[in-house]
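>
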Amino acid sequence: MKILIAADMEGVSGVVHWDHVDSQHGEYARFRRLMTGDVNAAIRGGYEAGADEVIVSDGHGSGRNILVEELDPRARLNSGSPSPLAMVQGIDSGVNAAMFVGYHARVGAQNAILDHTWSSSAVANVWLNGRVMGEIGWNAAVCGHFDVPVILISGDQTACAEAAALLGPVETAVVKQASGRMAAECLPPDAAQQRIYEAALRAMRRLREGQAPQPLRLPQPITVTVEWVHSEMADRAMLFPGVRRLEGKWTEFNVDDMLAAYRAFRTAVTAARG
Ligand SMILES: [Zn+2]
Numbered sequence: 011m012k013i014l015i016a017a018d019m020e021g022v023s024g025v026v027h028w029d030h031v032d033s034q035h036g037e038y039a040r041f042r043r044l045m046t047g048d049v050n051a052a053i054r055g056g057y058e059a060g061a062d063e064v065i066v067s068d069g070h071g072s073g074r075n076i077l078v079e080e081l082d083p084r085a086r087l088n089s090g091s092p093s094p095l096a097m098v099q100g101i102d103s104g105v106n107a108a109m110f111v112g113y114h115a116r117v118g119a120q121n122a123i124l125d126h127t128w129s130s131s132a133v134a135n136v137w138l139n140g141r142v143m144g145e146i147g148w149n150a151a152v153c154g155h156f157d158v159p160v161i162l163i164s165g166d167q168t169a170c171a172e173a174a175a176l177l178g179p180v181e182t183a184v185v186k187q188a189s190g191r192m193a194a195e196c197l198p199p200d201a202a203q204q205r206i207y208e209a210a211l212r213a214m215r216r217l218r219e220g221q222a223p224q225p226l227r228l229p230q231p232i233t234v235t236v237e238w239v240h241s242e243m244a245d246r247a248m249l250f251p252g253v254r255r256l257e258g259k260w261t262e263f264n265v266d267d268m269l270a271a272y273r274a275f276r277t278a279v280t281a282a283r284g
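Taken in order, the sequence shown gives residues 11 to 284; the numbers are from this note's numbering.
Pasting the structure below:
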């Protein structure tokens with residue numbers, strides 16, 4: 011049994027502000043340690059419940075946040091950026107299930123710590139086949155492309171609810187109750203990590219018993235619709251072949267499958283930011 015732990019930072023225990031997840035800020039050192047702790051809790055649960063192999067992908071920013079020197083020595087770490095599959099790097103290596111640790115809700119969600127979708131400076135919103143999708147949905151759909159279900163999510167209550175609405179019987183570990191975009195009632199790390207560990211145990215049990223969510227497979231071809239923050243971002247996105255302009259800040263394109271959608275969207279966001 012091989013598990014991929016896809017880790018982000020905004021949904022980590024205690025995080026309520028961009029300063030906490032910004033590598034240039036003095037507070038960041040504390041929170042990358044907490045991120046590593048949340049990931050270790052999921053690794054421990056995974057192994058105790060029967061995993062033979064756990065790989066971790068560091069998906070926040072440059073992918074250089076998790077402290078490898080503090081990572082559970084049984085795991086392997088995908089670090090650095092860009093990697094071919096970004097936040098779910100390694101999902102194509104025979105993985106049986108994925109766990110999303112430290113995830114956040116989609117842009118525009120209410121009572122959601124640091125809600126955004128890929129880039130808060132560039133992406134006002136994004137839809138896959140007409141359905142609004144945040145990073146939970148995008149990454150779950152890439153997992154689904156490889157027939158891999160997402161069995162656990164940790165983050166605030168809104169991120170966990172978003173995952174449950176999209177995926178069905180996913181195990182959730184709510185580590186903070188957001189009361190705004192930058193305010194939450196947080197569990198201390200020991201309590202949060204215990205919750206993640208227990209959710210990982212339950213998720214693995216559900217997987218073994220055939221009760222885990224099905225992989226999220228979107229009908230193909232895939233239509234990607236993006237509302238950009240500024241119209242010049244749409245101008246830049248229009249430089250790619252096959253992109254249509256719907257109106258000032260809106261572009262759309264069609265691709266054959268989810269893997270192509272992910273690559274094209276990542277490329278468009280990078281270009282749009284200039
Ligand atoms: Zn992030």
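For each residue, glycine too, the CB sits at the ideal point set by N, CA and C.
1) Report the three-state DSSP secondary structure of residue 279 (helix, strand or coil).
2) Could you tell me the distance, in whole angstroms, from the CA atom of residue 239 to the CA atom of residue 132?
3) Please return the same chain residues whose Cβ sits closer than 6 Å to the Cβ of residue 269, not counting the five positions on each side in sequence.
4) Count Cβ pairs between the segment 213-222 and the segment 179-187 that sit closer than 8 Å; are there 3 or more?
5) What first and last residue would you give for the beta strand (DSSP E) that runs through residue 162?
6) Using 7 Å as the cut-off, classify the Cβ of residue 71 as near or not near the heavy atoms of ligand 1, replying yes or no.
7) For residue 41, which of helix, strand or coil comes out of DSSP?
8) Note the first and the last residue of the continuous alpha helix (DSSP H) segment covering residue 154.
9) Have a look at the DSSP bridge pairing and note the partners of residue 109.
10) On the three-state DSSP scale, how would you describe residue 219?
11) Span of the beta strand (DSSP E) holding residue 119?
12) Verify whether the separation of the beta carbon atoms of residue 50 and residue 14 is less than 8 Å.
13) Would you say the beta carbon of residue 32 is closer than 7 Å to some non-hydrogen atom of ligand 1?
14) Got a sec? Which residues, its chain only, sit under 6 Å from residue 126 by beta carbon, not counting five neighbours each side?
15) Determine whether the beta carbon atoms of residue 142 and residue 16 lie at a separation below 8 Å.
16) Find the nearest neighbour of residue 260 within the set 79, 136, 199 and 71, judged by alpha-carbon distance.
17) With DSSP as the reference, identify every bridge partner of residue 233, one or two as the case may be.
18) Helix, strand or coil, according to DSSP, for residue 65 in the structure here?
19) Under 7 Å: does the beta carbon of residue 20 sit that close to some heavy atom of ligand 1?
20) Give the range of the beta strand (DSSP E) segment to which residue 247 is assigned.
21) Check for me: the beta strand (DSSP E) holding residue 186 runs from which residue to which?
22) In the DSSP assignment, the beta strand (DSSP E) including residue 81 goes from what residue to what residue?
23) Is it buried or exposed for residue 250, if we count other Cβ within 10 angstroms and need 16 for buried?
24) Helix, strand or coil: how does DSSP classify residue 136 here?
25) Hey, residue 258 and residue 241 are a contact pair by Cβ (cut 8 Å); roughly how many whole angstroms apart?
26) For the putative contact between residue 65 and residue 85, defined by C-beta atoms under 8 Å, what is the C-beta separation to the nearest angstrom?
Based on what the coordinates show:
1) Here residue 279 refers to the residue found at position 269 when the sequence shown is read from its first residue. Three-state result, residue 279: helix.
2) Numbered from its first residue, the sequence shown carries residue 239 at position 229. Numbered from its first residue, the sequence shown carries residue 132 at position 122. Roughly 5 Å separates the two Cα atoms.
3) Reading the sequence shown from its first residue, position 259 is the one you call residue 269. Sequence-distant Cβ neighbours of residue 269 in its own chain, meaning closer than 6 Å and more than five residues away, are 155.
4) The segment 213-222 is in contact with the segment 179-187.
5) On the sequence shown, residue 162 is found 152 positions in, with the first residue counted as 1. Residue 162 -> beta strand (DSSP E) spans 160-166.
6) If you number the sequence shown from 1, residue 71 lands on position 61. The answer is yes for residue 71.
7) As a working note, residue 41 is residue 31 in the sequence shown. Assignment of residue 41 by DSSP, reduced to helix, strand and coil, places it in the helix class.
8) As a working note, residue 154 is residue 144 in the sequence shown. 145-155 is the span of the alpha helix (DSSP H), which, as asked, contains residue 154.
9) Taking the first residue of the sequence shown as position 1, residue 109 is located at position 99. Answer by DSSP bridge pairing, in chain order: 15 and 162.
10) Locating residue 219 in the sequence shown gives position 209, counting from the first residue. If DSSP states are grouped into helix, strand and coil, residue 219 belongs with coil.
11) If you number the sequence shown from 1, residue 119 lands on position 109. Segment: none, residue 119 is in no beta strand (DSSP E) and carries neither H nor E.
12) Stepping through the sequence shown from its first residue, residue 50 is reached at position 40. Stepping through the sequence shown from its first residue, residue 14 is reached at position 4. With respect to residue 14, residue 50 sits apart: the two C-beta atoms are not nearer than 8 Å.
13) By one-based count along the sequence shown, residue 32 stands at place 22. Flag unset: Cβ of residue 32 not near ligand 1.
14) Here residue 126 refers to the residue found at position 116 of the sequence shown. Cβ contact annotation for residue 126 (same chain, cutoff 6 Å, sequence separation greater than five): 117, in chain order.
15) Against the sequence shown, residue 142 aligns to sequence position 132. Against the sequence shown, residue 16 aligns to sequence position 6. Residue 16 is positioned such that its CB atom lies no closer than 8 Å to that of residue 142.
16) Locating residue 260 in the sequence shown gives position 250, where the first residue counts as 1. Measuring C-alpha to C-alpha distances from residue 260 to each of 79, 136, 199 and 71 identifies 136 as the nearest.
17) The residue given as residue 233 occupies position 223 in the sequence shown. DSSP, once it has assigned bridges, lists 264 as partnering residue 233.
18) The residue given as residue 65 occupies position 55 in the sequence shown. Per DSSP, reduced to three states, the secondary structure at residue 65 is strand.
19) Along the sequence shown, one-based indexing puts residue 20 at 10. Taking 7 Å as the cut-off, the C-beta of residue 20 counts as close to a heavy atom of ligand 1.
20) Taking the sequence shown and counting its residues from 1, the one referred to as residue 247 is at position 237. Segment 241-247 is the alpha helix (DSSP H) holding residue 247; no beta strand (DSSP E) there.
21) To locate residue 186, count along the sequence shown from 1; it is residue 176. Here the beta strand (DSSP E) through residue 186 covers 181-188.
22) As a first step, residue 81 must be located in the sequence shown, where it is residue number 71. Annotation: residue 81 is outside any beta strand (DSSP E) and is labelled neither H nor E by DSSP.
23) As a first step, residue 250 must be located in the sequence shown, where it is residue number 240. Residue 250 counts as exposed, since fewer than 16 other beta carbons sit within 10 angstroms of its beta carbon.
24) For the purposes of this step, residue 136 is taken as residue 126 along the sequence shown, with counting starting at 1. In this structure, residue 136 counts as strand in the three-state DSSP scheme.
25) Here residue 258 refers to the residue found at position 248 of the sequence shown. Here residue 241 refers to the residue found at position 231 of the sequence shown. Indeed they touch by this definition, with Cβ atoms about 5 Å apart.
26) Working through the sequence shown from its first residue, we reach residue 65 at position 55. Working through the sequence shown from its first residue, we reach residue 85 at position 75. Correct: roughly 7 Å between the Cβ atoms.
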